[in-house]
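A.B. asks:
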Amino acid sequence: MYLIRSGAFEGLGRLIQSLGANPVTLAKEVGLTPAQFRNPNGYISYNKVAELLEKAAVACNTPFLGLMLAPRQDMGVFRDLVASICQEPTVGDAIRKMDHYLYLHASGIHVTQESRGENIRIHIKFDFNTPFGTDQLLQFSVGRLIHLIETLMNGDPYRFGIFLQQSIPAGTIIPDKPPFSQIQFSGPFDGMQISAKALAQKPNVDKNALQVHFNEYLQYLKERYPNNLQNQTKEIIGRLLPSGDCSIEKVAVNLDLHPRNLQRKLQKENTSYGALLKETRQTIAEQYLHYGQIPITDLALNLGYAEVSVFSRHFKAWTGYSPREWRHKQSPPNNEQ
Numbered sequence: 001m002y003l004i005r006s007g008a009f010e011g012l013g014r015l016i017q018s019l020g021a022n023p024v025t026l027a028k029e030v031g032l033t034p035a036q037f038r039n040p041n042g043y044i045s046y047n048k049v050a051e052l053l054e055k056a057a058v059a060c061n062t063p064f065l066g067l068m069l070a071p072r073q074d075m076g077v078f079r080d081l082v083a084s085i086c087q088e089p090t091v092g093d094a095i096r097k098m099d100h101y102l103y104l105h106a107s108g109i110h111v112t113q114e115s116r117g118e119n120i121r122i123h124i125k126f127d128f129n130t131p132f133g134t135d136q137l138l139q140f141s142v143g144r145l146i147h148l149i150e151t152l153m154n155g156d157p158y159r160f161g162i163f164l165q166q167s168i169p170a171g172t173i174i175p176d177k178p179p180f181s182q183i184q185f186s187g188p189f190d191g192m193q194i195s196a197k198a199l200a201q202k203p204n205v206d207k208n209a210l211q212v213h214f215n216e217y218l219q220y221l222k223e224r225y226p227n228n229l230q231n232q233t234k235e236i237i238g239r240l241l242p243s244g245d246c247s248i249e250k251v252a253v254n255l256d257l258h259p260r261n262l263q264r265k266l267q268k269e270n271t272s273y274g275a276l277l278k279e280t281r282q283t284i285a286e287q288y289l290h291y292g293q294i295p296i297t298d299l300a301l302n303l304g305y306a307e308v309s310v311f312s313r314h315f316k317a318w319t320g321y322s323p324r325e326w327r328h329k330q331s332p333p334n335n336e337q
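This note's numbering puts the first residue of the sequence shown at 1, with every later residue one more than the last.
(1) Under 8 Å between the Cβ atoms of Gln113 and Gly92?
(2) Can you grab the Cα-Cα spacing for the pair Ile4 / Ser45, in whole Å?
(3) Is the stretch 189-208 touching the stretch 106-123 in the sense that three or more CB pairs, one from each, lie closer than 8 Å?
(4) In the structure shown, what three-state DSSP assignment does Asp190 receive?
(5) Considering just the uninterrupted stretch of the alpha helix (DSSP H) at Gln232, what are its terminal residues?
(6) How would you call Gly304, buried or exposed, if buried means at least 16 neighbouring beta carbons within 10 angstroms?
(7) Can the beta-carbon of Ile296 be found less than 8 Å from the beta-carbon of Val310?
(8) So, does the stretch 129-148 touch the stretch 47-65, judging by three or more C-beta pairs under 8 Å?
(9) Output needed for Phe315: all residues of its chain with C-beta closer than 8 Å, excluding positions within five of it in sequence on either side, in chain order.
(10) What are the uninterrupted segments assigned as beta strand (DSSP E) that are 3 or more residues long and contained completely in the stretch 15-58, given in chain order?
(11) To which residues of the same chain is Leu152 closer than 6 Å at the C-beta, ignoring the five residues directly before and after it?
(12) What does Ile162 pair with, by DSSP beta-bridge criteria?
(13) Roughly how many angstroms lie between the CA atoms of Leu69 and Leu218, to the nearest whole one?
(14) Assign Val205 to one of three DSSP states: helix, strand, or coil.
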């Protein structure tokens, strides 16, 4: 099973509802529940999300649902990965680093580069398909790629070629505004074509825009978990862990608190940063071992461990089983690594 963090589709339910359909009913039809979308650091079936998008597009009579959803998402669970790749020497290097670490957030998707003379094609490909196809998921993914290029270059991404292999349904009128009007449908690949010269430039990130994103994220945490510092802290921990740079200092910054102040507040609630870190790691580990195909070594890295042996020792202390034993106990034999 291929997994993705549910926070990647934060606004999907609201969009479906605004278009006149019932997101709860549609989710149940593909075997998903609303509860699976409540924890943005939780993992859900990528395949089933693809099916949900296709069913929703039909139910809403909206052939461009994926493209409509893409700009409604902020950096979300990918925020810290984006912040990390912005430090790379070139935009091309940043995209390569994104592809290298993307599996920590979403398995079964690849963002690759292909040289075509003076241009580079950035391809988006999936390792899976569904009985309903993946057109809407490809729309969404290309839409997020457009946003990533805009972030890395701090400029208009529509000056580059944008392609989708899918054709436009008969009788469909394309909205006369980006991104719809800028995409070449029935194209040779799914993704973008950018000049090699542009990709060789240093990322030019708008720091003010990043600050706006930070402020929006802080507001989102307060609205999602009102007066619940523990849940706010656990969500931030879950987002920071794959970067390998999770610490109480980093978490406190995201909460706009001093580390000592955060620790004091948690102590008043009879918990600590260390306890919440352990709880978050265990939850994510159990989800991936139960449903995912990620190797144990990669899972350890995803949880911020430099050595798999340390992760294995901790996991056994939490559950009484080694990661491999726990996976074997929970999953069918063909899911073992």
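All C-beta atoms in this analysis are idealised placements derived from N, C-alpha and C, irrespective of residue type, glycine included.
C.D. replies: Per the coordinate set shown:
(1) By one-based count along the sequence shown, residue 113 stands at place 113. By one-based count along the sequence shown, residue 92 stands at place 92. Yes; because the gap between Cβ atoms is below 8 Å, this pair is in contact.
(2) For the purposes of this step, residue 4 is taken as the residue at position 4 of the sequence shown. For the purposes of this step, residue 45 is taken as the residue at position 45 of the sequence shown. Using only the alpha carbons, I get a separation of about 6 Å.
(3) Contact holds: three or more Cβ-Cβ distances are below 8 Å.
(4) Within the sequence shown, numbered from 1, the residue matching residue 190 stands at position 190. Per DSSP, reduced to three states, the secondary structure at Asp190 is coil, with no helix or strand assignment.
(5) Along the sequence shown, read from residue 1 onward, the residue named residue 232 stands at position 232. DSSP places Gln232 in the uninterrupted alpha helix (DSSP H) bounded by Leu229 to Leu240.
(6) The count along the sequence shown starts at 1 and reaches residue 304 at position 304. Here Gly304 is buried, its C-beta having at least 16 other C-beta atoms within 10 Å.
(7) Mapped onto the sequence shown, residue 296 falls at position 296. Mapped onto the sequence shown, residue 310 falls at position 310. No, these two residues do not count as a Cβ contact at 8 Å.
(8) Taking 8 Å as the limit for Cβ pairs, the verdict is that the stretch 47-65 does touch the stretch 129-148.
(9) Locating residue 315 in the sequence shown gives position 315, where the first residue counts as 1. Cβ neighbours of Phe315 beyond the five flanking positions: Gln282, Ala285, Tyr321, Ser322, Pro323 and Trp326.
(10) Runs of the beta strand (DSSP E) inside the stretch 15-58: 43-45.
(11) The residue given as residue 152 occupies position 152 in the sequence shown. Excluding its 5 nearest sequence neighbours in each direction, Leu152 has C-beta neighbours in its own chain below 6 Å: Val91, Ala94 and Pro203, listed in chain order.
(12) Counted from its first residue, the sequence shown places residue 162 at position 162. Note: Ile162 is bridge-paired with Ile183 and Met192 in the DSSP secondary-structure output.
(13) Walking along the sequence shown from the start, residue 69 turns up at place 69. Walking along the sequence shown from the start, residue 218 turns up at place 218. So the alpha carbons of these two residues sit roughly 22 Å apart.
(14) To locate residue 205, count along the sequence shown from 1; it is residue 205. Of the three classes helix, strand and coil, the one that applies to Val205 here is coil, per DSSP.
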